[in-house]
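Those sequence lines, one after another, are chains X and A. Going by our numbering, the first residue of the first sequence is number 1, and it counts up by one from there. Going by our numbering, the first residue of the second sequence is number 1, and it counts up by one from there.
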Amino acid sequence: MERVDEQRLLKRAKHGDPDAFAALYQAHVQAIFRYIASRVNDNHLAEDLTGDVFAKALQGLSQYQDQGKPFIAWLYRIAHARVVDHYRRSGRRGFDGDIDEDTILSDPLEIDEAMDRGQVAQLLRAAIADLTADQQQVVVLRFMEGHRIEVVAQLMGKQPNAIKALQHRALRTLAKRLEKAGLDIDSLFTGIS
Amino acid sequence: MIDRTPEFTSILHDCLDSVLAGERSIDECLQAYPQFASRLKPALQVALLTRDLDKAEMPASSVQALEIRLRGKMVAANQRAATTGDISSRRSAFAPLGKLAAMIAIVFLFALGTGGGAVAASASSLPGDPLYGLKRLWEAIILALSSLANNTDDVWLHLAQTRLDEAESLAGRGTVSSVVFADVYEATAQAILLVDEATLPQLTAFLENARSRIQNLPATAATAPLQRDLLLLVVPAADGKPGMPPSLQPPSLQPTMMSIESSGMDTFTPTVTPAPTETPTLALTSTATPAPSATQTVRPTDTPSATLTPTSRVPATATNSPQPSRTPTQTSTPSVTPTATWTALPLVTATFAGDGLPPTSAPVNRPTDDDQNGNVPVATIRHRATQAAAYATQTRQAELETEEPRP
Chain X
1 MERVDEQRLL KRAKHGDPDA FAALYQAHVQ AIFRYIASRV NDNHLAEDLT
51 GDVFAKALQG LSQYQDQGKP FIAWLYRIAH ARVVDHYRRS GRRGFDGDID
101 EDTILSDPLE IDEAMDRGQV AQLLRAAIAD LTADQQQVVV LRFMEGHRIE
151 VVAQLMGKQP NAIKALQHRA LRTLAKRLEK AGLDIDSLFT GIS
Chain A
1 MIDRTPEFTS ILHDCLDSVL AGERSIDECL QAYPQFASRL KPALQVALLT
51 RDLDKAEMPA SSVQALEIRL RGKMVAANQR AATTGDISSR RSAFAPLGKL
101 AAMIAIVFLF ALGTGGGAVA ASASSLPGDP LYGLKRLWEA IILALSSLAN
151 NTDDVWLHLA QTRLDEAESL AGRGTVSSVV FADVYEATAQ AILLVDEATL
201 PQLTAFLENA RSRIQNLPAT AATAPLQRDL LLLVVPAADG KPGMPPSLQP
251 PSLQPTMMSI ESSGMDTFTP TVTPAPTETP TLALTSTATP APSATQTVRP
301 TDTPSATLTP TSRVPATATN SPQPSRTPTQ TSTPSVTPTA TWTALPLVTA
351 TFAGDGLPPT SAPVNRPTDD DQNGNVPVAT IRHRATQAAA YATQTRQAEL
401 ETEEPRP
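Quick look at the structure:
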């Protein structure tokens, strides 16, 4: 969505135009859903949380100020907060500091050459969902959504160097988790989806 | 031992950019930075694995269901805002009486035994007529009760039609009024804000029809800005749907100037400020006598201008008010108290067109003071009676429009 179009829709939505808000919703709902789904690793839960995000956005729309950032940046922040809140309520790990690198995945997969690609993907998603909140955000925005470092920095409200550091730690942690799970990443690399 | 983490972080970033973009392979990066190969390789591989994960997608049915819920929330919030007047700081002249007061008023009217007849008689009254106050009172009752029947949007649409009919009828009498234009604007804005799927067709038809009717209304220097505001209000947005009104009060009556947003076009963000009470200038008023004689006419003081057309065709959205001039045109002077002042009315004259032709619009002499013998000229008597009637109307309306400043 062009920035100018987004600004016009935002102004109309702030004045109570349901169609304008619906247009913004349609433009961003899948990105927010993917983001949440990648972090919680549960599509049904992701749907619920996505609904919460947009309800929250609607509620706070009158106070929203365009500070030069795309609207989705604000949505990501709400989504991030919602996921963190979900983790707190559910008592799940993944938000309070770095993951203990000696932790074994709860359901280690039996590794063999015929490992199902879907199972590997499931393992990787589980590993992502177990990262810290900030690391999850970087992984999802950088590699799954394909944003550049500068954009990720803007969306997360951090400096690019901080994002690079988060990126580094996240990838290192994921690689170690996969190795601990017995995955031969080399052999899997070319055939995984 | 030198911590080469910052260096590695930067190299990793560069390699990631080029590998993810398909500009380099992993092996090429490892060859470029052999000292970091053991650390680079797994990081780059995991990044590609993550990129290639299937993208989760929310089912279309879930997307649609969520959209419906969100729309419902927004419409409900709009209705609440319209009822409490959050959109505009100006209290609506149609402020609901409250359900209890409405019930009491209905019982009172019918207990008198004449309420129904009086209300019916007032249906055709126009601003300035003796029964017009009763007509507006009845409308306020209906509006207050409309929330019970969940048809407030229908009521506002009907009121918008009624106000426009009144404006045309007054124009037929030779009267143009800022207050009338403002009332048309408010009722139309309310109808737009509250429209739902059921009333959208009727609203759209009304707005299409209203455009030419508004254009055909005579304009004066005082009413032209309001007429422009109205035309902008009824012009649909780019998608063909009614554009959102900036407020319930015409922008040209706003007391403070709207700020200009730097989006490459003339856009305005209305500022929410307490609206000073106003006593709009009535260009003309009807006499207090039951019916004007066939030979007595009342003329506007200003020469009506030609049919008004909008200066641009930008759709009337909540943010667009395509006025070439950035200076607000205020047609009235704000006053502190609602009843302390009232505007001296323009000329009223008794002219006699023996040939039955419509009178000219030339201004006439003001009524004179009492003559030397203490006799009051007929014209003066009528003028004063007219003034009194108009004062009563203005006072009532000004009282309704008085608003406490917001904290």
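Just so it is clear, CB atoms sit at the ideal spot from N, CA and C, and this is done for glycine as well.
Point to revise | Member of A:Q35, A:D27, A:D54 whose CA lies at the smallest distance from the CA of X:A37 | key: Translated into the one-based positions of the first sequence, residue 37 of chain X becomes position 37. The shortest C-alpha separation from X:A37 is found at A:D54.
Review point. Under the DSSP definition of a beta bridge, which residues are partnered with A:P242?
Key: Residue 242 of chain A sits at position 242 when you count from the first residue of the second sequence. The partner list for A:P242 (beta bridge, DSSP) reads A:P236.
Review point. Is it buried or exposed for X:H44, if we count other Cβ within 10 angstroms and need 16 for buried?
Key: Counting from one through the first sequence, the residue named residue 44 of chain X turns up at place 44. Exposed, because fewer than 16 other Cβ atoms sit within 10 Å of the Cβ of X:H44.
Exercise for review: Grab me the residues of A:R313's own chain with a C-beta within less than 8 Å of its C-beta, minus the 5 sequence neighbours each way, in chain order.
Suggested key: On the second sequence, position 313 is the one that residue 313 of chain A refers to. Summary for A:R313: the model assigns pLDDT 42, below 50, so the residue's position carries little reliability, and this model does not support an answer.
Review point. From what residue to what residue does the alpha helix (DSSP H) around A:R213 run?
Key: Here residue 213 of chain A corresponds to residue number 213 of the second sequence, with the count starting at 1. Element bounds for A:R213: 200-216.
Check your understanding: What are the residues of the segment 149-164 of chain X that lie near chain A, defined by any Cβ-Cβ distance shorter than 7 Å?
Key -> I149, K164
Exercise for review: For A:S62, return the contacting residues in chain X, with the cut-off set at a CB-CB distance below 8 Å.
Suggested key: Counted from its first residue, the second sequence places residue 62 of chain A at position 62. Under the 8 Å cutoff, chain X gives E47.
Check your understanding: Listing by chain order, which chain A residues have their CB less than 7 Å from the CB of X:T132?
Key -> Position 132 of the first sequence holds residue 132 of chain X. By Cβ distance, chain A contributes nothing, its closest Cβ being about 16 Å from X:T132, past 7 Å.
Point to revise | the segment 8-21 of chain A contacting the segment 4-12 of chain X, beta-carbon criterion three pairs below 8 Å | key: no
**Study point:** Separation of A:K41 from A:P34, as counted between CA atoms
**Key:** For the purposes of this step, residue 34 of chain A is taken as residue 34 along the second sequence, with counting starting at 1. For the purposes of this step, residue 41 of chain A is taken as residue 41 along the second sequence, with counting starting at 1. For A:P34 and A:K41, the distance between alpha carbons rounds to 10 Å.
Review point. Between which two residues does the alpha helix (DSSP H) harbouring X:Y76 extend?
Key: Start at 1 with the first residue of the first sequence, and residue 76 of chain X comes out as number 76. Note, X:Y76: alpha helix (DSSP H), 71-90.
Review point. Going by beta carbon distance, what residues of the same chain come within less than 7 Å of A:F36, once the five residues before and after it are set aside?
Key: Within the second sequence, residue 36 of chain A is the residue found at index 36, counting from 1. Excluding residues within five positions, the ones whose Cβ falls inside 7 Å are F8, I11.
Check your understanding: Per the contact definition of three or more C-beta pairs closer than 8 Å, is the segment 48-65 of chain A in contact with the segment 150-170 of chain A?
Key -> no
Point to revise | Proximity of X:R82 and X:D52 at Cβ, strictly below 8 Å | key: In the first sequence, counting from the first residue as 1, residue 82 of chain X sits at position 82. In the first sequence, counting from the first residue as 1, residue 52 of chain X sits at position 52. In this structure, X:R82 sits near X:D52, with a CB-CB distance shorter than 8 Å.
**Study point:** Three-way DSSP call (helix, strand, coil) for A:T9 in this model
**Key:** Locating residue 9 of chain A in the second sequence gives position 9, counting from the first residue. Of the three classes helix, strand and coil, the one that applies to A:T9 here is helix, per DSSP.
Check your understanding: To the nearest angstrom, how far is it from the Cα of A:A222 to the Cα of A:S146?
Key -> For the purposes of this step, residue 222 of chain A is taken as residue 222 along the second sequence, with counting starting at 1. For the purposes of this step, residue 146 of chain A is taken as residue 146 along the second sequence, with counting starting at 1. Distance between the alpha carbons of A:A222 and A:S146 is about 34 Å.
Check your understanding: Of the residues that make up the segment 30-45 of chain X, which ones have a beta carbon closer than 8 Å to any beta carbon in chain A?
Key -> Q30, F33, R34, A37, S38, N43
Practice item. Go ahead and pull the three-state DSSP assignment for A:S178. Key: Here residue 178 of chain A refers to the residue found at position 178 of the second sequence. DSSP places A:S178 in helix when its eight states are reduced to three.
Check your understanding: In chain X, which residues lie less than 8 Å from A:D153 when you measure between Cβ atoms?
Key -> Here the question's residue 153 of chain A lines up with position 153 in the second sequence. Neighbours of A:D153 on chain X: none; closest Cβ ~13 Å, over 8 Å.
Check your understanding: CB X:A20 to CB X:R12, shorter than 8 Å?
Key -> Counting from 1 along the first sequence, the entry for residue 20 of chain X is found at position 20. Counting from 1 along the first sequence, the entry for residue 12 of chain X is found at position 12. In this structure, X:R12 lies closer than 8 Å to X:A20 by Cβ.
Practice item. Pull up the CB-CB distance for A:C29 and A:L44, whole angstroms please, since I reckon it's below 8 Å. Key: Along the second sequence, read from residue 1 onward, the residue named residue 29 of chain A stands at position 29. Along the second sequence, read from residue 1 onward, the residue named residue 44 of chain A stands at position 44. Indeed, because the Cβ distance is near 6 Å, the residues count as touching under 8 Å.
Review point. Is the segment 212-220 of chain A in contact with the segment 192-204 of chain A, if contact means three or more CB pairs nearer than 8 Å?
Key: Counting C-beta pairs closer than 8 Å gives fewer than three between the segment 212-220 of chain A and the segment 192-204 of chain A, which falls short of the contact rule.
Practice item. Closer than 8 Å, Cβ to Cβ, to anything on chain X: give me those residues from the segment 65-87 of chain A, in chain order. Key: L66, E67, R69, L70, R71, K73, M74, V75, A77, N78, A81, I87
Review point. Under 7 Å Cβ-Cβ, which residues of chain X neighbour A:A47?
Key: Numbered from 1 along the second sequence, position 47 holds the residue referred to as residue 47 of chain A. The answer, in chain order, is F143, L171.
Practice item. Measure from the C-beta of X:D19 to each C-beta in chain A and report whether the shortest distance is under 8 Å. Key: As a first step, residue 19 of chain X must be located in the first sequence, where it is residue number 19. In terms of beta-carbon proximity, X:D19 lines the interface with chain A, with at least one pair separated by less than 8 Å.
Check your understanding: Closest Cβ-Cβ distance between X:T103 and chain A: below 8 Å?
Key -> Sequence index remark: in the first sequence, residue 103 of chain X carries index 103 (1-based). Only weak support exists for where X:T103 lies, its pLDDT of 37 falling under 50; the coordinates are left without a value.
**Study point:** C-beta neighbour in chain A for X:V53, strict 8 Å
**Key:** For this step, residue 53 of chain X is matched to residue 53 along the first sequence. Not one chain A Cβ lies under 8 Å of X:V53.
Review point. Within the 8 Å Cβ cut-off, does A:D54 reach chain X?
Key: In the second sequence, counting from the first residue as 1, residue 54 of chain A sits at position 54. Yes, contact with chain X.
Review point. If you drop the 5 nearest sequence neighbours on each side, which residues of the same chain put their C-beta closer than 8 Å to that of X:S62?
Key: For the purposes of this step, residue 62 of chain X is taken as the residue at position 62 of the first sequence. Here the set comprises K14.
Review point. Using DSSP with H/G/I as helix, E/B as strand and the rest coil, what is A:R24?
Key: The residue labelled residue 24 of chain A in the question sits at position 24 within the second sequence. If DSSP states are grouped into helix, strand and coil, A:R24 belongs with coil.
Point to revise | Contact with chain X by A:P42, beta-carbon distance below 8 Å | key: Taking the first residue of the second sequence as position 1, residue 42 of chain A is located at position 42. Yes, its Cβ sits closer than 8 Å to a Cβ of chain X.
Check your understanding: At a cut of 8 Å, does the segment 169-184 of chain X reach the segment 119-129 of chain X through at least three beta carbon pairs?
Key -> Per the Cβ contact rule, the segment 169-184 of chain X is in contact with the segment 119-129 of chain X (3 or more Cβ pairs under 8 Å).
Point to revise | A:A144 burial status per 10 Å Cβ neighbour count (16 or more: buried) | key: Walking along the second sequence from the start, residue 144 of chain A turns up at place 144. With 16 or more Cβ atoms within 10 Å of its Cβ, A:A144 is classed as buried.
Review point. Got a sec, what are the start and stop residues for the alpha helix (DSSP H) X:K14 sits in?
Key: Against the first sequence, residue 14 of chain X aligns to sequence position 14. Following the DSSP letters along the chain, one finds X:K14 inside the alpha helix (DSSP H) bounded by residues 3-14.
Check your understanding: Around the C-beta of A:P250, are 16 or more other C-beta atoms found within 10 angstroms, so that it is buried, or is it exposed?
Key -> As a first step, residue 250 of chain A is located in the second sequence; it is residue number 250 there, counting from the start. Looking at its Cβ environment, which holds 16 or more other Cβ atoms inside 10 Å, A:P250 is buried.
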